[in-house]
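So the protein lines, in turn, are chains B, C and Y.
In terms of the numbering used here, the first sequence has 342 at position 342, counting the first letter as 1, and numbering is strictly consecutive.
In terms of the numbering used here, the second sequence has 276 at position 276, counting the first letter as 1, and numbering is strictly consecutive.
In terms of the numbering used here, the third sequence has 275 at position 275, counting the first letter as 1, and numbering is strictly consecutive.
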Amino acid sequence: MLRRVRLALGVLLLATLAFLVSGGLSPVHAAETTITGTLTTPGGVAVSGVVVTATGPDGVIASGTSDEKGVFVVPLTAGGTYTVEIDVGTLPEGITLNNEADASRSLLVLGGEKRIIIGLSEGGESGIVAEASGTGERVAQLFLDGILYGLVIALGAVGLNLVFGTTGLTNFSHGELLTLGAFTALAFNTAGLNIIIAAPIAIIFAALVYGWGQNRILWRPLRRRKTGLIAAMIVSIGLAILLRYTLVLFFGGAPQSYQQFAGQAGITIGPFNTTPKALILGALAIVALAATVIWLQRSRIGKATRAVSDNPALASATGIDVERVISVVWIIGAGLAAFAGIYLGLTQNTVWNMGQRILLVLFAAVILGGLGTIYGAIVGAMVVGIFIQMTTLFIPTEMKTVGALFLMILILLVRPQGLLGRKERVG
Amino acid sequence: MPANTGNTTNTTNTTNTTNMAPGRAAAVEALRDVARHPGSSKPDPILIADHVSRQFGGLKAVDVAHVEIQRGAITALIGPNGAGKTTLFNLLTGFDKPDTGEWTFKSTSVAGKAPYRLARMGMVRTFQLTKALSRMSVMDNMLLGASGQSGERVFKALLPFTWNAQERANKERAMELLGRFNLDAKIDDFAGSLSGGQRKLLEMARALMVGPEIVMLDEPMAGVNPALTQSLLGHIKNIREEGTTVLFVEHDMDMVHDISDWVIVMAQGSIIAEGPPDAVMKDPQVIEAYLGSRHGSALTADGASLTAESQGGTT
Amino acid sequence: MDIGQVFTLTITQAFGVTALIYLFAAIGLNVQFGYTGLLNFGQVAFVAAGAYAVGVIVLTFDLSLWLSIIVALIVSTLLALLLGIPTLRLRADYLAIVTIAASELLRLLVRSIAFKDVFGGAQGLNGKLGQEFHDLNPLPVDFTLPIFSWSRQDLWVVIVGWSLALLFTLFVWGLVRSPWGRVVKGIREDEDAVVSLGKNVFVYKLQALIIGGGIAAFGGILWAVAKQSVQPDTFQPDFTFFVFTILLLGGAARVFGPIVGTVIFWFLLAGFGEVLSSLINNGYISFLTPTDVGSIRFMLMGLGLMLLMIFRPQGIFGDRRELALDAR
C-alpha cells in the first residue's frame, strides 16, 4: 500500500516536472518581440521618463520610455542581436546607473518578450558609495538591508548546515536548490498561477523533488556504496554544473521576473526605505526559521536530527533511523532553499546562476557560525548579511561579496570551529 | 639475601643479572637503586618532564609533576582507561600542545616543538591505529623512514646522481631490517596488502629506519593476535639490545610484566606509582586504581566512594 | 554535414590553445592534488596570475614580455605562499572552500574599479600582449598544417606550448620518482605518519603548491600571448572544476594523466559541440538553436564529472589503490 502511494506520488511529481519544463520552454517562443524592463531605485521607487533605445543589426533604432510604474517597452520587428542603450541624460536628478557598463549592452533577442535588468543607484558616481541623506540614515538603511539579506542567507545556510551535520557532505550544489526553487515558481507563474499561489506550491514541490528526491536518487546510493566524502563533494560540483546549464537550456540566460510584484513601489518608514514585499517576505522568513528552530528543539525527529548531527554512529546505535532523519533534513533544506530562491526572485530577479553567486556567502555563513552546529547557520547568516551590507559604507557595492569571503578566510584561520562550534579538529 | 618485603619503599632487587642479555642487564643494574615513587630521578634520563598539564574543556586530562625516563631501558606507561596515558604520550611526542609544562629530550628543551623536529632529534613514535602507508610499497615505506636522504630536498630531487648512492645504502639497510621482521619477501607489495600484524611490524621496522634514540610505541599490542604477541615482544627486546630506549603505552599489565624494566602507572591524569614490574603489580594503590575503574566508579554511588577512598590513600 | 570539417574543427580544439591552457593547469594540479593530495580548488587564480602578469607588465607598464614571464613566476609563488601558509593546515573540505573563496576574492579585487588603472577593471587588458613572442615565429607566411586549422600565429603558440608541456611533464616525472616525490605521496595518504618520521610536512605541501601553481601560471602566460586579451570574468571557479575533470579523466597521479585527459576531454567536448552545431545548422535538429549547444556542452561536462567520480575516479590510466579520494 505504501509502495503504491509512493509510486503514485512519483508519477505525479514527474508529471508536474514535465509540465514545469514545458512551462519553462514557452516564454521564449511567444507572439510579440519586445525588450522590456522595470526601472526602480534600490528603495523600490519607480523611475519614469527614461529613454531606452535598441539598435538592430540593420541599423534601425527602436525606443521606449519608462512609465510611471518604471516599466518600459521597446517594440521590435524581429529577433536578432541588438545594441541596447540607456539615455543617461534622461535619468532623473540624483539617479545613476549602478554599473557604467550597463549604459550600452549587446543583446540577442530570439523572439517574444526579452526582459532586461538595469540597476540604478542614488547619488554619487556609479560603483562608489552614494552620499545619501546623512550617514546615520545610511547606516540604519544598510542595517535593515543587512537583516533582510541575512534572513535570505539563513534560509539557505540552515539546509546546507543540516546536510553537512548529518551526512558530512559539503554540498556545492546547494546554491542550485535556491535557483531551482526560484525557477520552479517561475514556471508555475508563467503558466498562469499568481505568484502568491505558485510560490508555496513550488516550495512543496522543491522540498519533495529536489530535496527528498535528490537524496533518494543520488546521495543515498552513494552512501551505500561508501563513497568517500571528498568524492561526494566533487560529485556535488558536477551536479551543480549540470543543473545550472540545464536551467540555461530551458529558461534562457537572461534574468526574468515574476509576473506580479515586479515593480512594486517603495515605502518609507522612518529612516528606512524598503518595499512591502521585502518586509512581508522577511517576516515569513523569520517565521520559517523560527519554525525550523522550534522543530529542532521540540519534535522527536528534530531531536533525532541533532543527535545524528552530533554522532551518527551513536545515534544509530540508540535506535534512531538515521536514513529517515537524513530524508527529513533534505526535505526541509530544499524547502527553505526554495523559499530563499523565490525571495530573491521577488526582490531581485531569477537568473540561472543566482544560486552559484550566493553559494560562497552561504559557506561563509555556515563556517562563521560553525559547520555542523544547528543554530550556527542562523547566527552566521545574520552576521554575514549585516556585515556585507555594512561594508558598502567603505567599499563599492560591486565588491560587497569580498567582505564575506574575507571574513570567512579570517575565521578559518583564527577560529576554525566558528563562533558556536566545538573545538574539533579542522586541520 | 634480603627478603622481598613487598611494600612500596626501597626494596633490594633480587634479580640475578648474570644470565640476561646485556641490554637488559645494563637496564636492570641502572634501575636497581632508583627510588620507587612517582617522579623519581633516574641515573641517566633521556627524557625529563616537569609540570605537564593538559585540560580538555573542564577535564584535566594530564597533570604530571615530574617524570624521568631512563636511557636504554624499556619503560611501560600503564593505567586504566582515561588515566591520561595517551594524552601524556601525545604531549611528549609533540602531537598535542600542553597547557603548561617543560620537558627536555637529551638535555635539550623540547616543549612545544613541532613533532617532526622531535622525530629528527631521535624520538620516533608509532600509532595505535597502525599508520603503514597502504598505498605505497613496503620498500617505499621503509625508505621514507630513512633520515637525511638529500633527494628529499626539492632542488636535489631532479638530480639523481646526488642521491642515488644514498638510496642504495638505504635500501640495503631496509632489507636488513625487513629481514629481521620477516618482511623481506614483501618489499614490492603494497603495504595495504599485508595482514594487520605484518603492518604493525612494518611500522616498527620503519621507525627503526630513522635511527632513533628512543622509540615511543603507542599501544603496540592493540589488535594484535596472540600468535604475533611474542614475536612483537621479542622485537621490542631487540630494540633495547641495540641501545635504543623504549617507552610504550599499554593497557594490560600482564603483557607488560614480561619485557619492561620499569613501569610508570598513571591514574586520573597523574602518576601514582613507579617501579620494576613486580613491585608495581603488588602496589595496593595500583590495584585500587584498576579495580576502582573496573567497577565503573562513575556509574554507581558505591563506586564513587570507592574511588574517593583510594584517592585519600596517597603516599 | 561536412564530416571532414567537423573533424578538423574538433581535432584543432583538442590540441589547440585553449586545451593547452587547461593542460598546464592540469599538470600543476596533478602535482598538488594527484601526488600530494591537496584539494586546491583555486587553481584558476594561478592561471590568472600568469595571464595578468603578462597583461600588466606589457600593457600597463609597457615593458618586455620576457620580464613579464619572470614576474608571473614570482607572483604565482607569492600567491602560493599567501594561499598556503594560512590554509594548508586545514582539513580537505575546508581547504576546498577556502581556495575557491580566495580565487574569487582575487578575481573581484582585480575586476574592481578601484584598481582599474592597473588591471583594466571588468574589461581587463587587451592589446598587443605577445608581440616579442610572435616576432620569433619562424614559420613561413601563410603556413598551415593539413587536417588542423591553426593560423600561422596560433600554430607557433601551439608548437611552443606543447614543447613546454612535454618539458613540464618530464620535470614532474623526475620529481615524483625521486625521494621528494615519495615524501609527498606519503603526505597524500597520511600526514601524521610522515611527520612521525621526521619530515617537515608543511614545507613539502607548500613546495607542491608553489610548483603546481608555477606550471599553471604558464598556462596563463600562454593565454595572454595567444588570445591577446585578459579579462577577469574568464577566470572563474568553473575553470578549476573543469581542470579537475580533466585530471581525473586522464588519471590523477599518473605522469601522462593530464595530457591524456586534456586531449580526450577537449576532443569529446569539441567533437560533440561541432557535430551538434552542424546538425542544427543543417536543419536535422529543429528544436535546438545554436546557442543551446554551449549549454548542452556544459551540461555534459557536469554530468561527466559526476559519472567519473562515481564510477571511475581513477580515470583512464589511474590506479584506484593510489587515489587520494577515499580519506576525508
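Even for Gly, the Cβ is constructed at its ideal location relative to N, Cα and C.
Quantities reported herein were computed from a predicted structural model and do not represent experimental measurements.
Practice task
For V31 (chain Y), name the three-state secondary structure that DSSP assigns.
Solution key: helix
Practice task
Taking only the alpha-carbon atoms, compute the straight-line gap between E328 (chain C) and K282 (chain C) and give it to the nearest angstrom.
Solution key: Because chain C spans 1 through 315 in this model, residue 328 (chain C) falls outside it and cannot be assessed.
Exercise for the section: Would you list the residues sitting across from F443 (chain B) in a DSSP beta bridge? Expected result: Missing from the structure shown is residue 443 (chain B); chain B here goes from 1 to 427 and no further.
Practice task
Mind checking which residues open and close the alpha helix (DSSP H) that includes R188 (chain Y)?
Solution key: 179-189
Exercise for the section: Return yes when the Cβ of T36 (chain Y) is within less than 7 Å of the Cβ of V184 (chain Y), no when it is not. Expected result: yes
Handout entry: Against chain Y: residues of the stretch 167-193 of chain B by CB proximity under 7 Å
Key = T170
Practice task
Might you give, ordered along the chain, the residues of its own chain that have their beta carbon closer than 6 Å to the beta carbon of K114 (chain B), omitting 5 neighbours on each side?
Solution key: I35
Problem - alpha helix (DSSP H) runs wholly inside the stretch 92-178 of chain C, at least 4 long, in chain order - result: The stretch 92-178 of chain C is shown to contain whole alpha helix (DSSP H) runs of 4 or more residues at 115-121, 138-145, 154-157, in chain order.
Practice task
Output, in sequence order along the chain, the residues in the stretch 72-94 of chain Y whose CB is closer than 9 Å to any CB in chain B.
Solution key: Among the residues of the stretch 72-94 of chain Y, those with a Cβ less than 9 Å away from any Cβ of chain B are P86, T87, L88, R89, L90, R91, A92, D93, Y94, in the order of the chain.
Problem - Beta carbon of A191 (chain C) nearer than 7 Å to that of A132 (chain C) - result: It is a contact, given that the beta carbons lie within the stated cut-off.
Handout entry: E250 (chain C) - partner residues in DSSP beta bridges
Key = C:I78
Problem - Assigned secondary structure, S173 (chain B) (DSSP; H/G/I helix, E/B strand, else coil) - result: Three-state result, S173 (chain B): coil.
Exercise for the section: Could you spell out where the alpha helix (DSSP H) holding L59 (chain C) opens and where it closes? Expected result: Element bounds for L59 (chain C): not the alpha helix (DSSP H) but the beta strand (DSSP E), 59-70.
Handout entry: I97 (chain Y) at chain B interface by Cβ criterion, 7 Å
Key = Yes, because at least one Cβ of chain B sits closer than 7 Å to the Cβ of I97 (chain Y).
Exercise for the section: Compare the C-alpha of R54 (chain C) against each of C:T86, C:R120, C:A25 and name the closest. Expected result: C:T86
Exercise for the section: Would you check if the distance between the CB atom of V44 (chain Y) and the CB atom of F239 (chain Y) is smaller than 7 Å? Expected result: Contact check for V44 (chain Y) against F239 (chain Y) passes: the beta carbons are separated by less than 7 Å.
Handout entry: Beta-carbon neighbours of G151 (chain C), restricted to chain Y and to distances below 8 Å
Key = S178, P179, W180
Exercise for the section: Examine chain Y for any beta-carbon lying closer than 7 Å to the beta-carbon of V154 (chain C), and answer yes or no. Expected result: Answer yes: the Cβ-Cβ gap between V154 (chain C) and chain Y drops below 7 Å somewhere.
Practice task
Anything in chain Y within Cβ reach of G145 (chain C), meaning under 8 Å, just list it in chain order.
Solution key: Chain Y residues near G145 (chain C): L197.
Handout entry: Contact check, V263 (chain Y) vs A14 (chain Y), beta carbons under 7 Å
Key = If you check the CB distance, V263 (chain Y) and A14 (chain Y) come in under 7 Å.
Handout entry: Between the CA atoms of T96 (chain B) and F272 (chain B) - distance to the nearest angstrom
Key = Approximately 20 Å between the Cα atoms of the pair.
Exercise for the section: Return helix, strand or coil for G302 (chain Y), following the three-state DSSP convention. Expected result: Three-state DSSP puts G302 (chain Y) in a helix.
Problem - V71 (chain Y) versus R89 (chain Y) - alpha carbon distance - result: 28 Å
Practice task
Note down the Cα distance separating I3 (chain Y) from T234 (chain Y), rounded to an integer number of angstroms.
Solution key: Straight-line Cα distance between these residues: approximately 31 Å.
Problem - Residue-level contact to chain Y via CB, K113 (chain C), 7 Å cutoff - result: So no, K113 (chain C) is outside the interface.
Practice task
Could you round the C-beta distance between D44 (chain C) and R71 (chain C) to whole angstroms and report it? I think they count as a contact, below 8 Å.
Solution key: So it is a contact: roughly 5 Å between Cβ atoms.
Practice task
Pick helix, strand or coil for T227 (chain B), following the three-state DSSP scheme.
Solution key: coil
Handout entry: Contacts of G186 (chain Y) in chain C (Cβ-Cβ under 7 Å)
Key = L133, M136, L144
Exercise for the section: State the start and end residues of the unbroken beta strand (DSSP E) segment that holds A267 (chain C). Expected result: 262-267
Problem - Residue environment, F119 (chain Y), which counts as buried when at least 16 other CB atoms sit within 10 Å - result: The C-beta of F119 (chain Y) has 16 or more other C-beta atoms within 10 Å across all chains shown, which makes the residue buried.
Problem - Members of the stretch 196-228 of chain Y near chain C, C-beta cut-off 7 Å - result: S196, L197, G198, K199, N200, V201, Q207
Handout entry: Alpha-carbon spacing of P146 (chain Y) relative to T397 (chain B), whole angstroms
Key = A straight-line Cα-Cα distance of about 52 Å links P146 (chain Y) and T397 (chain B).
Exercise for the section: With DSSP as the reference, label V210 (chain C) as helix, strand or coil. Expected result: V210 (chain C) falls in the coil class under three-state DSSP.
Handout entry: Secondary structure of A54 (chain B), DSSP reduced to three states
Key = strand
Practice task
Kindly say whether F298 (chain Y), judged by its beta-carbon, lies nearer than 7 Å to any beta-carbon of chain B.
Solution key: F298 (chain Y) has a beta carbon lying within less than 7 Å of a beta carbon in chain B.
Practice task
Compare the C-beta of F241 (chain Y) with all C-beta atoms of chain B and state if any pair is closer than 7 Å.
Solution key: yes
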